[in-house]
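Engineer:
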Amino acid sequence: MLRIRWLGLAAIALGFLLGLVLPLPEATTANVGDTITVYMEPPTRSSGSSAFNTCGWHDECTESGNPGPALDWDAPADFGSPWYFRSWGYTSRSPGNRLYGRGIPLVTQTGGTTCEIRTVWIAELTSGPLRAIPVYTHTTITNSTVFYLYARVYYGLYVSRQIGTTVNDNRANCTNTGSHVHEYDVPYGSTSYSRNGNYPTLDTCSYPEVPDGCHSYTNNDVNNYTRWFQWKEGQ
Amino acid sequence: MKITRFILVLGVLAVLGGGGFLAAKLVGNGIGTEAEQPGQVDEKLIQERQAAEREQPRFTGELLGMFIGPSEAAWPEKARTDQAQLVAGGCVGVPRSAAAALEFPRPLRLPAEYVAEEQQSATACSGNVTGLGWRYTATGANGIAANISISRAVAKALVYDVAADRVAVQSLGGRDAIFIRPITPDGLAQISYVVFPESFGVTEIQTFNLPEVGVLAVAEAVAEASK
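Respectively, the protein sequence lines represent chains A and B.
Take -11 as the starting number for the first sequence in my numbering and just add one per residue.
Take 230 as the starting number for the second sequence in my numbering and just add one per residue.
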């Protein structure tokens, strides 16, 4: 009996020492160096339907606007239409079907004389660094709960989550021509990014001035990604 | 029977060892501290701070001739009527040259770490020029990008849903200003505002993820440009 007691004490001491020396076992420790690629999808209308692109790659969708990182997406009905964080997550190697990150909805600009802007910070799951910053203008947040992001090899994993609704933010220093989401990204850190050149330019699609070049895109088709982010896990 | 006892002892040892391991992690990692590594995002910390702020009484009232409330419904009736009339005819982008009256009287010079973004059009609502803006980015709290929006616009009432204890009137860059500080000095994932009342309306600074010291540096530069 005494021997068992000593063994118990030794086990506690050994565990304590190992705990000080070894890193905490985490879900993706084995995945350090994996390449994660996140393909962002059009943020409006119900998943699987056709989202209408009302302005090609732009900074500002006006006659005097310039080419830039944003696409405008028509949100049907009136202000108050839902908008979504949508993405396909890919890992570079097995095992697939796993968590790779968190989506953190945040208010980045609100009230005052300017437009309403929201973001969803994409942060890596275990070590926690921020990896990507997709941004959504003319929106509010109705669900700020942090959500998990999944990835898989070859076929990817799709996430579609309603974050909020569109809003009429016509103000002294904000123009909004109707219920829509102005979607863009802020390049960040060592994360690579690319914007899908298959979407029209500002010259060919700046609804309603030049609507001919504007089209609908199935919003859960990975080929219709608006932009992708890519990084190596844990690095 | 011997094997059963052996397995039982092993199980007990594993539980005790595991407990020791976790105890060491609690000690070694300082769980419960609020330290953040560069680029790391602790969403629990962010959300706890914001939730605690939302529990506080909201600011509603007039300061330096500007009315601030958590919604337009909190504004005086005249401010609501003026706002409704301002946007009744819709707001559109117009060339910045049309908004010369809203330009800063002196050059706007932010410290070098603030990077200017593409300048957008001025805004006209119901046919009248109403706003002109500037946007900057910087490395903000925790090494993560910060956004800075500066706006000179026709407005005497603003919707800011903020805790009353974040709001103060103070002199910034030699001008009286309304300063709505970040929830915590690091500004992590938080919005902050500075308001300078103007004869035409307001010069407004809005920042996201910028530490308080950065907000004050931007405010000093804006005050200098707007004198």
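All C-beta atoms, glycine included, are put in the ideal place defined by N, C-alpha and C.
1) Out of 293/B, 419/B, 355/B, 317/B, which one is the CA nearest neighbour of residue 373/B?
2) For residue 179/A, tell me which candidate among 125/A, 109/A, 206/A, 162/A has the shortest Cα-Cα distance.
3) In chain B, what lies closer than 9 Å to residue 92/A by C-beta?
4) List, in chain order, every chain A residue whose beta-carbon is nearer than 9 Å to that of residue 343/B.
5) Residue 196/A to residue 42/A, Cα distance in whole Å?
6) Which residues in the same chain have their Cβ closer than 7 Å to the Cβ of residue 346/B, if we skip the five residues on either side of it in sequence?
7) Buried or exposed: residue 272/A, going by 16 or more other Cβ atoms within 10 Å of its Cβ?
8) Looking at chain A, is there any beta carbon in it that lies within less than 8 Å of the beta carbon of residue 398/B?
9) Indicate the three-state DSSP secondary structure (helix, strand or coil) for residue 451/B in the structure shown.
10) Is the shortest distance between the beta-carbon of residue 435/B and the beta-carbons of chain A less than 8 Å?
11) Contact criterion: CB-CB distance below 8 Å. Does residue 407/B meet it with respect to chain A?
12) Between the C-alpha atoms of residue 136/A and residue 188/A, what's the straight-line distance to the nearest angstrom?
13) Does the beta carbon of residue 212/A sit closer than 8 Å to a beta carbon anywhere in chain B?
14) Which one of 214/A, 218/A, 162/A, 200/A has the shortest CA to CA distance from residue 177/A?
15) Could you tell me the alpha carbon to alpha carbon distance between residue 216/A and residue 146/A, rounded to whole angstroms?
16) In the DSSP assignment, find the alpha helix (DSSP H) that holds residue 433/B and state where it starts and stops.
17) One question on the structure: do residue 129/A and residue 173/A come within less than 8 Å of each other, judged by their Cβ atoms?
18) So, residue 32/A versus residue 433/B, is the Cβ gap smaller than 8 Å?
19) Flag residue 373/B as yes if its beta-carbon sits less than 8 Å from any beta-carbon of chain A, otherwise no.
20) Could you please give the first and the last residue of the uninterrupted alpha helix (DSSP H) stretch that includes residue 313/B?
21) From residue 279/B to residue 88/A, what distance separates their C-alpha atoms?
22) Classify residue 72/A as buried or exposed, calling it buried when 16 or more other Cβ atoms lie within 10 Å of its own Cβ.
23) Taking its Cβ as the centre, do 16 or more other Cβ atoms sit within 10 Å of residue 284/B, making it buried, or is it exposed?
24) Tell me the residue span of the beta strand (DSSP E) that contains residue 374/B.
25) For residue 396/B, which residues from the same chain have a beta carbon less than 6 Å from its beta carbon, with the 5 sequence-adjacent residues on both sides left out?
26) List, in chain order, every chain B residue whose beta-carbon is nearer than 7 Å to that of residue 37/A.
27) From which residue to which residue does the beta strand (DSSP E) around residue 349/B run?
28) Hey, would you say residue 220/A sits closer than 8 Å to residue 25/A, going by beta carbons?
29) Out of curiosity, what's the CA-to-CA distance linking residue 188/B and residue 311/B?
30) Using a threshold of 8 Å, state whether the C-beta atoms of residue 131/A and residue 151/A are closer than that.
31) I'd like to know whether the C-beta atoms of residue 350/B and residue 325/B end up nearer to each other than 8 Å.
32) Along the chain, where does the alpha helix (DSSP H) containing residue 278/B start, and where does it finish?
33) For residue 415/B, does the count of other Cβ atoms within 10 angstroms reach 16, so buried, or fall short, so exposed?
34) Using 8 Å for Cβ pairs, my map puts residue 29/A next to residue 184/A. What's the rounded Cβ distance?
Structural biologist: Per the coordinate set shown:
1) Of the listed residues, the one whose Cα sits closest to residue 373/B is 419/B.
2) Checking every option, the nearest Cα to that of residue 179/A belongs to 109/A.
3) Within chain B, the residues placing a beta-carbon under 9 Å from that of residue 92/A are 270, 272, 275, 276, 418, ordered along the chain.
4) At a beta-carbon threshold of 9 Å, none of the residues of chain A lie near residue 343/B; the nearest stands roughly 15 Å away.
5) So the alpha carbons of these two residues sit roughly 8 Å apart.
6) These residues qualify, in order along the chain: 364, 365, 366.
7) With chain A represented from -11 up to 223, any question about residue 272/A goes unanswered, as that position is not in the structure.
8) Residue 398/B does not count as touching chain A.
9) Correct three-state label for residue 451/B: helix.
10) So, interface residue.
11) Using beta-carbon distances, residue 407/B does not count as an interface residue toward chain A, since no partner is under 8 Å.
12) Between residue 136/A and residue 188/A, the alpha-carbon positions lie close to 32 Å from each other.
13) For residue 212/A, the answer is no, since every Cβ of chain B falls outside 8 Å of its Cβ.
14) Nearest of 214/A, 218/A, 162/A, 200/A to residue 177/A, Cα basis: 218/A.
15) C-alpha of residue 216/A to C-alpha of residue 146/A: approximately 13 Å in a straight line.
16) According to the DSSP assignment, residue 433/B belongs to no alpha helix (DSSP H) but to the beta strand (DSSP E) extending over 431 to 437.
17) It is not a contact, given that the beta carbons lie outside the stated cut-off.
18) Between residue 32/A and residue 433/B, the C-beta spacing is not below 8 Å.
19) Taking a beta-carbon distance threshold of 8 Å, residue 373/B counts as an interface residue toward chain A.
20) Per DSSP, residue 313/B belongs to the alpha helix (DSSP H) from 306 to 316.
21) Residue 279/B and residue 88/A have their C-alpha atoms spaced approximately 25 Å apart.
22) Of the other Cβ atoms in all chains shown, 16 or more fall within 10 Å of the Cβ of residue 72/A; this residue is therefore buried.
23) With fewer than 16 Cβ atoms within 10 Å of its Cβ, residue 284/B is classed as exposed.
24) Where residue 374/B is concerned, the enclosing beta strand (DSSP E) stretches over 374 to 382.
25) Cβ within range, chain order: 288, 409.
26) By Cβ distance, chain B contributes nothing, its closest Cβ being about 28 Å from residue 37/A, past 7 Å.
27) Where residue 349/B is concerned, there is no enclosing beta strand (DSSP E), given that its DSSP letter is neither H nor E.
28) It is not a contact, given that the beta carbons lie outside the stated cut-off.
29) In the structure displayed, chain B extends from 230 to 456; residue 188/B sits before or after that span and is not available.
30) Yes; because the gap between Cβ atoms is below 8 Å, this pair is in contact.
31) Yes.
32) Residue 278/B -> alpha helix (DSSP H) spans 272 to 283.
33) By the 10 Å Cβ count, residue 415/B comes out buried.
34) Distance from residue 29/A to residue 184/A at the Cβ level is roughly 10 Å; contact not present, criterion being Cβ atoms closer than 8 Å.
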